Amino acid sequence: MLLHNFCYALRVLFRDRMLIFWTYAFPIILGTFFSLAFSNIENSERLAVIDIAVVENEEFTASTLWKEAMAGLSKEDTEEQLFSTRYTTEGEAKELLAAKEITGYFKLSDGEAQVVVASSGMEETVLQYAVTEIAQTEKMIGQVAEYQISQGVMPTEESLKKLSEEVLGQVQQEEGIRDASNGRLSYTMVEFYTLIAMTCLYGGMLGMTVVNQNLANMSHKGKRVVVGPTKKRLVILGSTLAGYVAQLLGIALLFAYTVFVLQVDYGNRLPLIVLITLVGCLAGLAMGIAAAVLIKASENTKIGVMLSVTMLGCFLSGMMGITMKYIIDKHLPLVNRLNPANMITDGLYALYYYDTLERYWFDVISLLVFAGLLLAAAMFGLRRQKYDSI
Amino acid sequence: MTVFKAFLRVLWQCKAIVLLYTVILVCFAAFQMQTEQSSIGFLADRPDILLVNQDTAEEEGKDCGLSAGLVSYLMEYCEVADITGEDAINDALFYRDISYIVTIPRHYSEEFFAYLRGETDKKPAVEVRSTGDQEASYAEMLLSRYLRVARVYGAYAENGKELANRVAETLSGQVSVEVASHLDTGGLSKAAFFYNFLNYSLLAGCIYVICLVLASFREEKIRKRTMVSSMNYRTFNRILLLSNGLFAVGLWMIYVLLSLVLVGEVLLSDQGVWYLANSFAFLLCALTMAFLFGTLVKNKNAVNGIVNVVALGSSFLCGAFVPVQMLPKSVLWIAHILPSYWYIQTNEYLKRMENVSPEALRPVLGNMGILLGFALLFIIAANGVSKRTRQIG
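Protein chains in written order, with the numbering used here: chain U, 250 to 639; chain F, 194 to 586.
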């Protein structure tokens, strides 16, 4: 009986085209949009070579330090290249700036360095920084020469040139900075984790649909099931299992698509990734069953509740803006600890970013507790149901 | 009037969803705009960093002057966050609340001198963790600059404090920066953000409502009743079209009012009013597009799916959610076939338009013309489709 009902429940599910669209196709479509829109974000946030102009007036041509420093910062295909520099007249520089072809230009006038930009921004700040650096180096070389003379050492032109190159970072040397960055810092991955969370919870609609088929107050089919001589627990179990299996199929499709087509990085702990997904789907299923049993309303209202809870959960866990998850985690941690979408997202994030597993297990256990509570509530709701004859 | 009343009744059923799109727009706009400062002068960017200084004067007679100097230098040019706890710090770095973490180890100042004087071969190192973005690169420039200067002056200083003072003296002051443009870039960026996001709200709102209204009027029973009524079908269609148009214009006016509240008076400037004009041209496009989908869709349940795929797809691919500069070139190339692309490109252009002259407005008018062209195309397509589906079997 269990198997019989399981097979029929599966057939019912796969014939519902709208349901299949929302649980199978929509996450894949949304994942494709995410991938198209976010694939370049992290690259575009890196500091690119900045287009600038230098006003090549007499004062500039006469200053070896400025000329060489600018040339050093603009040397193509080197690690130190900061600028792509055009040497122009002031008029040309103004025109280039107005046409937005350069970030800004720099000129030397009356011994003072001046930077002209179109607006504020990081590239403009870097231009200001670099010009300030050269100006300060000029000042510093004079001071060092003074110190050397006071110590009885006569500075040579060559030693001062070497010094300026060293100060401007144009000589390869050990910086005294040790980089301990974690290689896994791709924050756009969180978007895909929220997508997995959404699919797990949307999958609850599958469970809800099949359970509705067995409720006398929801469908004619339900009335027939209720008056039938079969054990209700077997019928419900068969239906929910069918919902769970259909859900797992959907999530497996999404995983395959995100890993092989969209190249999403879930880290390398596959069994743990599978575990949290299974538990996440269980939480979704529990939500679906609880919505079906505990909400006494039409099917559309139940779907509405499921969709709203899922979307609100996904919003709070960063689907519509990754920062949202961070803000809620930081300022309202309790909200996200009770949010099933965040438990799934956070578990996958913990697997990707953290070496330790405490956070991951906390999320898995939270999901199990969440699913357990809802299933228990649904079971109590389903037990000993009686329908009056009216 | 009967048609209009029926239209209003269906419209009333959609109130929740229209309200939802509006709330989403307001929330995102308000959230995003907090970070945009309205400015005309030059404001240097200050990277968000975290400083962990373990080289503090807890032991008597310990020289930690250089570390203290480095801390005050970084604090002058960076926003230093106050975050404690390893997990909180890790999360802050991952979510770009901070871009760079500098950890100055214990005895750094003393070891720095010991290395310079050749007393040890071990070069002391400041530990950093970086997100690799622009802010992090700038913070790293500041840090390495300080260390390079300190290394040069190290030979001429007795202790950390003296060295820090010399370095601070050299590194004080910035080159002056003149801003050539007199545009309120902060205000105009806010306007561009709001109107770019409006792409989603307008598309989703129009498609959802109009598809649902048309689907309701196209239900077979209702259509049969309308056809046998004394009302000419042209009059009926005209009233329906006008009602939908009225709804769309009403929706647009609400959004414009919201933008005036959220963005402010920059929208009333010479550049600002073009945002309104551009959004109106896009509204016509959204309206006709919704008409086309309305004539194609028979099933009310499919409306939600269409809204999500079309509105979200256009918004993601054309730069309504993610800034256009951050989208891959290939995506933008494909996006040319969508009206949203031309709408958003105009908003981006307006953000940087220095003056309002016929020459400067040429790209704006060109893009608006393309939007109207799209609208015309959608009307022709909708007419073609509705002609074929007019008969009831």
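For every residue, glycine included, the Cβ atom is placed at its ideal position computed from N, Cα and C. In this text the structure is predicted, and so the values were computed from the model without any measurement.
- The Cβ atoms of residue 293/F and residue 328/F sit closer than 8 Å to each other.
- With respect to residue 273/U, residue 499/U sits close: the two C-beta atoms are nearer than 8 Å.
- Proximity of chain F to residue 288/U at the Cβ level (cut-off 7 Å) is accounted for by 521, in chain order.
- Nearest CB-CB separation between residue 602/U and chain F: below the 8 Å threshold.
- In terms of beta-carbon proximity, residue 368/U lines the interface with chain F, with at least one pair separated by less than 8 Å.
- The alpha-carbon separation between residue 378/F and residue 342/U amounts to approximately 21 Å.
- Apart from sequence neighbours up to five positions away, the residues of its chain that approach residue 482/F with a beta-carbon distance below 6 Å are 571, ordered along the chain.
- Rounded to whole angstroms, the Cβ separation of residue 379/U and residue 314/U is 13 Å, and the two are not in contact under 8 Å.
- Residue 634/U sits exposed, since fewer than 16 C-beta atoms from the chains shown fall within 10 Å of its C-beta.
- In terms of beta-carbon proximity, residue 545/U stays away from the interface with chain F, with every pair separated by 8 Å or more.
- Against chain U, the CB of residue 468/F has no partner CB under 8 Å away; the residue lies outside that interface.
- Counting C-beta atoms within 10 angstroms of its own C-beta, residue 363/F has 16 or more neighbours from the protein chains shown and is therefore classed as buried.
- Shortest Cα-Cα distance from residue 400/F to any of 486/F, 449/F, 358/F, 299/F involves 486/F.
- Leaving aside the five residues that flank residue 565/F on each side, the residues in its chain whose CB is nearer than 8 Å to its CB run, in chain order, 474, 477, 478.
- Residue contact with chain U for residue 567/F: absent (no Cβ-Cβ distance below 8 Å to any residue of chain U).
- Neighbourhood of residue 506/F in chain U, by CB distance below 7 Å: 282, in chain order.
- Rounded to the nearest angstrom, the gap between the Cα atoms of residue 440/U and residue 487/U is 34 Å.
- Non-local beta-carbon contacts of residue 465/F in its own chain, meaning distances under 7 Å to residues more than five positions away in sequence, involve 384, 459 in chain order.
- Residue contact with chain U for residue 558/F: absent (no Cβ-Cβ distance below 8 Å to any residue of chain U).
- Put simply, the CB of residue 341/F is near chain U, with a gap under 8 Å to one of its CB atoms.
- Counting along the chain, residue 398/U sits inside the alpha helix (DSSP H) bounded by residues 371–399.
- Contact of residue 415/U with chain F by beta-carbon distance below 9 Å involves 341, 344, 345.
- Restricting attention to beta strand (DSSP E) runs no shorter than 3 residues, the stretch 348–399 of chain F encloses them at 369–372, ordered along the chain.
- By the C-beta density criterion, residue 594/U is buried, having at least 16 other C-beta atoms within 10 angstroms.
- Within chain U, the residues 363, 364, 365, 366 have their CB atoms less than 8 Å from the CB of residue 371/F, given in chain order.
- Taking the beta carbon of residue 465/U as reference, no residue of chain F falls within 9 Å; the closest one sits roughly 25 Å away.
- At least one C-beta of chain U is nearer than 8 Å to the C-beta of residue 378/F.
- Around the beta-carbon of residue 538/F, 16 or more other beta-carbon atoms lie within 10 Å, marking it buried.
- Residue-level contact check: residue 306/F does not touch chain U, since none of the beta carbons of chain U fall below 8 Å from its beta carbon.
- Note that the stretch 325–338 of chain U touches the stretch 296–308 of chain U; at least 3 beta-carbon pairs, one per stretch, sit closer than 8 Å.
- Using a 10 angstroms sphere on the CB of residue 568/U, the tally of other CB atoms reaches 16 or more, which defines it as buried.
- Within chain U, the residues 282, 285, 286 have their CB atoms less than 7 Å from the CB of residue 509/F, given in chain order.
- In this structure, the straight-line span from the alpha carbon of residue 337/U to that of residue 426/U is close to 37 Å.
- The DSSP assignment places complete alpha helix (DSSP H) segments of no fewer than 4 residues inside the stretch 405–460 of chain F at 413–421, 426–456, in order along the chain.
- Excluding five sequence positions before and after residue 316/U, the CB atoms of its chain that fall closer than 8 Å to its own CB belong to 309, 310, given in chain order.
- Taking 8 Å as the cut-off, the beta carbon of residue 266/F is found closer than this to the beta carbon of residue 361/F.
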